[in-house]
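Notes follow once the structure below has been shown.
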Amino acid sequence: MRNPLSKTIATIQPSGIRKYFDIVGEMKDGISLGVGEPDFDTPWHIRDEAIYSLEKGRTCYTSNAGLKELKIEIDKYLTRRYGISYDYNDEILVTVGGSEAIDLAMRAMLDPGDEVLIPQPSYVSYLPCAVLANGNPVVIELRAEHEFRLTAEQLEAAITPRTKILVLPFPNNPTGAVMERADLEAVAEVVKKHDLFVISDEIYAELTYLERHISIASLPGMRERTIVINGFSKSHSMTGWRLGYACGPKLIISQMLKIHQYAIMCAPTTSQYAAVDALQNGDEDVAKMREEYNGRRRYLLQRLKEMRLECFEPFGAFYVFPCIREFGMTSEEFVEELLRAQKVAVVPGTAFGEGGEGFVRISYAYSLNVLKKAFDRIEAFVLQLRAGGDESRDGGI
């Protein structure tokens, strides 16, 4: 029988994020700090609106691009929070999570051989989406000494005549890094100089702890060359509702819509009605969750400091990204040993690109009680490694 698989899909590795989560789930007394999913329930008023929409029989398809009411609220929200505005008629597309929007943007914009610049460490889907869209991913390795920010110099050095798109993954998963206005302005000048386009993944935009997030689309000359991607999973604790959106120039959004029409039809109707309420009445919920995350962030940084584990201070998202190079282990070895010895699952930095070697990602989208228990175990493991003991290497996963 002939090989039924595409040669392209066979080259793509499965995501490294879920592997250890699945293992720890089968362990008695195991703790996972590996998944970036808020531990808060979706606020009740949002769930109540979804229930009401079902009671009213609103279970039909919406328009392909999404509910008019939702697109209007998305525009109001972006204007209110980030100073960018879009025409709800043809510049906003409601998608099945932000991940679909990333895929649509690349498929709509790339021709075979076009290069996509992907700063890493970063979210796992950018590179495979570029490959599946027949693009050529080019990795820019972000550095701890630059606070894991993308510099204009790094960007300039990576550009070739085939470069078309820059992925801008900030606030960043897994590092928690953010880009301040001066950083974005420098990057924007390079983008305009070389006539590039930007896919700006802003799914963690509401989770910044010192200053409000700035969208590169709000800078002069950037709106017309940027696709802004956002959603409700992280900000409103709506991961399972599978709802995101893309905003950008009509020329690009209209082509993304064509793919969406044939592949998806429309985002879930019930989720869309709930999201209208989330944008109208959810600012206070978002603020409360952000405050709680910030408390957890400060706690983890203090614990890491007490352990003498080097860690860049994250100012966005809900992850810390400590360095584990002192132990002479790869990121994957460290994660496997920690899981075996202490039944705590974190994610190796290499799951987010080769530049993540020597680091691990720890999510603080968990309650403070869970974090305290997990970090007591992590501290015991670190002490064992420094003592050179073999206790941490007993047993098997």
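All residue numbers for the sequence shown refer to our numbering, where the first residue is 849 and numbers rise by one.
Quick reminder that beta carbons are idealized off the backbone N, C-alpha and C, glycines included.
State the DSSP-derived secondary structure class of residue i, mapped to helix, strand or coil.
i	result
K1012	strand
Q1190	helix
S1179	helix
Y1147	helix
A956	helix
G1079	strand
I879	strand
I871	helix
C977	helix
M849	coil
Y1141	helix
How about residue i and residue j: are their beta carbons less than 8 Å apart?
i	j	result
F1160	T1023	yes
L1091	V1038	no
A1034	R997	no
E1158	P1170	yes
Y1121	R906	yes
P1017	S970	yes
V964	V1015	yes
S1085	D889	yes
A978	M954	yes
I860	P976	yes
V986	A1006	yes
Using a Cβ-Cβ cut-off of 7 Å (strictly less than) and excluding sequence neighbours within five positions of residue i, which residues of its own chain qualify?
i	result
E885	T1087 and A1213
R1144	Y1212, L1216 and L1219
E1205	T1178, S1179, G1197 and T1198
L902	T1118
Please name the residue or residues paired with residue i in a DSSP beta bridge.
i	result
P985	V964
C1171	F1207
S863	Partner(s): none; S863 has no beta bridge.
V942	Y1093
G821	Beyond the ends of the chain as shown, which are 849 and 1245, falls residue 821; an answer cannot be given.
G1164	T1056
Please return the same chain residues whose Cβ sits closer than 6 Å to the Cβ of residue i, not counting the five positions on each side in sequence.
i	result
M849	none
V1230	M1155
E1140	none
V1124	E917, L918 and E921
D1049	P1017 and I1077
Does at least one heavy atom of the ligand NAD sit under 7 Å from the Cβ of residue i?
i	result
Y900	The ligand NAD is not part of the structure shown, which contains no ligands of any sort.
Any beta-carbon of chain D closer than 8 Å to the one on residue i?
i	result
T856	In summary, chain D is missing from the structure at hand, where a single protein chain is found.
For residue i, which residues of its own chain have a beta-carbon under 8 Å away from its beta-carbon, when the five flanking residues on both sides are left out?
i	result
F1182	I1172, F1175, P1196 and V1208
A846	Residue 846 is absent from the structure shown; the chain starts at 849 and stops at 1245.
D935	D923 and K1098
L952	L941, T943, A1094, M1104, I1107 and H1108
E1072	P1097
S1066	Y930, G931 and I932
field: Secondary structure, beta strand (DSSP E): runs of 3+ residues fully inside the region 1189-1233
entry: For the region 1189-1233, whole beta strand (DSSP E) runs of length 3 or above, ordered along the chain, are 1208-1211.
query: Which parts of the region 1015-1076 are runs of the beta strand (DSSP E), unbroken and 3 residues or longer, counting only runs that do not cross its ends?
result: Runs found: 1045-1049.
- request: Entirely within the region 914-940 and at least 3 residues each: give me those beta strand (DSSP E) ranges in chain order.
  value: Runs of the beta strand (DSSP E) inside the region 914-940: none found.
message: List, from N- to C-terminal side, the beta strand (DSSP E) runs of 3 residues or more that fit wholly inside the region 881-909.
response: Listed in chain order, there is nothing to give.
field: beta strand (DSSP E) runs contained entirely in the region 1090-1131, provided each spans 3 or more residues
entry: Those beta strand (DSSP E) runs which fall completely within the region 1090-1131 and span 3+ residues are 1092-1095.
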